[in-house]
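Peer 1: In our numbering, the protein residues as written are 126 to 260.
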(Lines of atoms letter the chains of each structure in order from A and count residues from 1; the text may use other names and numbers.)
(Lines give C-alpha, C1' and ligand atoms only; values in the text may rest on other atoms or scores of the structure.)
Protein backbone atom coordinates (compact mmCIF):
# COMPACT_ATOMS: atom_id res chain seq x y z
CA UNK A 1 0.00 0.00 0.00
CA UNK A 2 1.03 3.58 -0.60
CA UNK A 3 1.69 5.92 2.32
CA UNK A 4 -1.03 8.59 2.55
CA UNK A 5 -1.08 9.85 6.15
CA UNK A 6 1.61 10.90 8.60
CA UNK A 7 0.38 11.01 12.18
CA UNK A 8 1.21 13.79 14.62
CA UNK A 9 2.28 12.87 18.15
CA UNK A 10 -1.14 13.52 19.70
CA UNK A 11 -2.83 11.11 17.26
CA UNK A 12 -0.25 8.39 18.02
CA UNK A 13 -0.98 8.84 21.74
CA UNK A 14 -4.74 8.59 21.11
CA UNK A 15 -4.20 5.33 19.20
CA UNK A 16 -2.02 3.93 22.00
CA UNK A 17 -4.57 4.92 24.66
CA UNK A 18 -7.51 3.86 22.46
CA UNK A 19 -9.15 7.18 23.29
CA UNK A 20 -10.88 8.99 21.65
CA UNK A 21 -12.24 5.78 20.17
CA UNK A 22 -13.06 7.31 16.76
CA UNK A 23 -9.34 7.91 16.16
CA UNK A 24 -8.55 4.25 16.85
CA UNK A 25 -11.47 3.12 14.66
CA UNK A 26 -10.31 5.32 11.78
CA UNK A 27 -6.77 3.99 12.13
CA UNK A 28 -7.98 0.36 12.21
CA UNK A 29 -10.12 0.92 9.09
CA UNK A 30 -7.03 1.70 6.99
CA UNK A 31 -4.85 -0.84 5.21
CA UNK A 32 -1.31 -1.39 6.48
CA UNK A 33 1.20 0.91 4.80
CA UNK A 34 -1.22 3.85 4.51
CA UNK A 35 -0.04 5.46 7.77
CA UNK A 36 3.40 6.43 9.09
CA UNK A 37 4.94 8.64 11.76
CA UNK A 38 7.80 11.09 11.50
CA UNK A 39 11.10 10.39 13.20
CA UNK A 40 10.38 13.61 15.16
CA UNK A 41 7.09 12.15 16.44
CA UNK A 42 8.93 8.98 17.43
CA UNK A 43 11.46 11.08 19.36
CA UNK A 44 8.64 12.97 21.12
CA UNK A 45 6.99 9.67 22.11
CA UNK A 46 10.31 8.33 23.45
CA UNK A 47 10.83 11.56 25.41
CA UNK A 48 7.35 11.21 26.90
CA UNK A 49 8.18 7.63 27.87
CA UNK A 50 11.50 8.63 29.44
CA UNK A 51 9.86 11.21 31.70
CA UNK A 52 6.82 9.05 32.56
CA UNK A 53 6.21 7.38 35.93
CA UNK A 54 7.00 3.99 34.39
CA UNK A 55 9.61 4.60 31.66
CA UNK A 56 10.24 0.91 30.87
CA UNK A 57 6.56 0.06 30.39
CA UNK A 58 5.83 3.25 28.44
CA UNK A 59 8.85 2.73 26.17
CA UNK A 60 7.54 -0.78 25.47
CA UNK A 61 4.18 0.76 24.45
CA UNK A 62 6.01 3.11 22.08
CA UNK A 63 7.85 0.13 20.62
CA UNK A 64 4.55 -1.71 20.06
CA UNK A 65 3.12 1.40 18.42
CA UNK A 66 6.06 1.62 15.99
CA UNK A 67 5.35 -1.97 14.94
CA UNK A 68 1.91 -0.78 13.79
CA UNK A 69 2.98 2.63 12.50
CA UNK A 70 6.32 2.71 10.65
CA UNK A 71 8.78 5.48 11.56
CA UNK A 72 9.79 7.53 8.52
CA UNK A 73 13.39 8.71 8.32
CA UNK A 74 14.35 12.28 7.55
CA UNK A 75 16.36 13.35 4.50
CA UNK A 76 17.86 16.56 3.11
CA UNK A 77 14.57 17.42 1.41
CA UNK A 78 12.99 17.79 4.87
CA UNK A 79 15.67 20.36 5.78
CA UNK A 80 14.81 22.38 2.65
CA UNK A 81 11.13 22.43 3.60
CA UNK A 82 12.01 23.28 7.22
CA UNK A 83 14.03 26.32 6.11
CA UNK A 84 11.28 27.46 3.73
CA UNK A 85 8.46 27.05 6.28
CA UNK A 86 10.40 28.68 9.12
CA UNK A 87 11.40 31.68 6.98
CA UNK A 88 7.86 32.08 5.66
CA UNK A 89 6.33 31.96 9.15
CA UNK A 90 8.95 34.38 10.51
CA UNK A 91 8.15 36.90 7.75
CA UNK A 92 4.47 36.68 8.71
CA UNK A 93 5.24 37.04 12.41
CA UNK A 94 3.77 33.59 13.09
CA UNK A 95 5.43 30.94 15.18
CA UNK A 96 4.86 27.25 15.76
CA UNK A 97 6.71 24.89 18.09
CA UNK A 98 10.08 23.71 16.84
CA UNK A 99 9.15 20.01 16.75
CA UNK A 100 5.87 20.87 15.02
CA UNK A 101 7.88 22.82 12.46
CA UNK A 102 10.02 19.74 11.75
CA UNK A 103 6.94 17.48 11.56
CA UNK A 104 5.27 19.92 9.14
CA UNK A 105 8.43 20.01 7.02
CA UNK A 106 8.62 16.22 6.98
CA UNK A 107 4.99 15.79 5.96
CA UNK A 108 5.11 18.54 3.34
CA UNK A 109 8.36 17.19 1.86
CA UNK A 110 6.64 13.83 1.31
CA UNK A 111 3.47 15.54 0.00
CA UNK A 112 1.31 13.57 2.44
CA UNK A 113 -1.58 14.44 4.78
CA UNK A 114 -0.78 15.35 8.38
CA UNK A 115 -3.28 13.89 10.84
CA UNK A 116 -3.37 16.01 14.01
CA UNK A 117 -5.62 17.35 16.72
CA UNK A 118 -3.57 20.55 16.63
CA UNK A 119 -4.96 22.15 13.49
CA UNK A 120 -4.59 25.65 14.93
CA UNK A 121 -0.81 25.33 14.92
CA UNK A 122 -0.37 23.49 11.63
CA UNK A 123 -2.87 25.48 9.55
CA UNK A 124 -0.32 28.33 9.58
CA UNK A 125 1.93 26.28 7.29
CA UNK A 126 1.32 26.90 3.60
CA UNK A 127 0.89 23.93 1.26
CA UNK A 128 0.41 21.50 4.16
CA UNK A 129 -2.69 19.31 4.05
CA UNK A 130 -4.10 18.69 7.53
CA UNK A 131 -6.84 16.32 8.70
CA UNK A 132 -8.32 15.87 12.17
CA UNK A 133 -9.67 12.42 13.00
CA UNK A 134 -11.06 13.70 16.34
CA UNK A 135 -13.73 15.92 14.82
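The beta carbon of each residue, even a glycine, is placed where N, CA and C say it ideally should be.
Are the region 243-260 and the region 154-161 touching, with three or more C-beta to C-beta distances below 8 Å?
Peer 2: No, because fewer than three Cβ pairs between the region 243-260 and the region 154-161 fall closer than 8 Å, the two stretches do not touch.
Peer 1: Cα separation between residue 170 and residue 211?
Peer 2: Here residue 170 refers to the residue found at position 45 of the chain shown. Here residue 211 refers to the residue found at position 86 of the chain shown. Computed Cα separation, rounded: 23 Å.
Peer 1: Rounded to whole angstroms, what's the CA-CA distance from residue 139 to residue 147? Just pull it up for me.
Peer 2: Along the chain shown, one-based indexing puts residue 139 at 14. Along the chain shown, one-based indexing puts residue 147 at 22. About 9 Å.
Peer 1: Using DSSP with H/G/I as helix, E/B as strand and the rest coil, what is residue 261?
Peer 2: Because the chain in this structure spans residues 126 to 260, residue 261 falls outside the shown range and cannot be described.
Peer 1: Which of helix, strand or coil does DSSP assign to residue 203?
Peer 2: The sequence position of residue 203 within the chain shown is 78, counting from 1. The answer is helix: DSSP assigns residue 203 an H, G or I state.
Peer 1: What residue ranges within the region 160-201 form continuous alpha helix (DSSP H) runs of no fewer than 4 residues, ordered along the chain?
Peer 2: The region 160-201 contains these whole alpha helix (DSSP H) runs: 164-175, 180-193.
Peer 1: Pick from 174, 224, 240: whose alpha carbon is nearest that of residue 203?
Peer 2: In the chain shown, residue 203 corresponds to position 78, counting from 1. Of the listed residues, the one whose Cα sits closest to residue 203 is 224.
Peer 1: Leaving out five residues on either side along the sequence, give the residues of the same chain with a beta carbon under 6 Å from the beta carbon of residue 177.
Peer 2: Reading the chain shown from its first residue, position 52 is the one you call residue 177. Once the five neighbours on either side are set aside, the close Cβ partners of residue 177 are 183.
Peer 1: With 16 as the cutoff for other CB atoms within 10 Å, does residue 220 come out buried or exposed?
Peer 2: As a first step, residue 220 is located in the chain shown; it is residue number 95 there, counting from the start. With fewer than 16 Cβ atoms within 10 Å of its Cβ, residue 220 is classed as exposed.
Peer 1: Label residue 200 either buried or exposed according to how many other C-beta atoms from any shown protein chain fall within 10 Å of its C-beta, with 16 as the threshold for buried.
Peer 2: Taking the chain shown and counting its residues from 1, the one referred to as residue 200 is at position 75. Exposed, since its Cβ has fewer than 16 Cβ neighbours within 10 Å.
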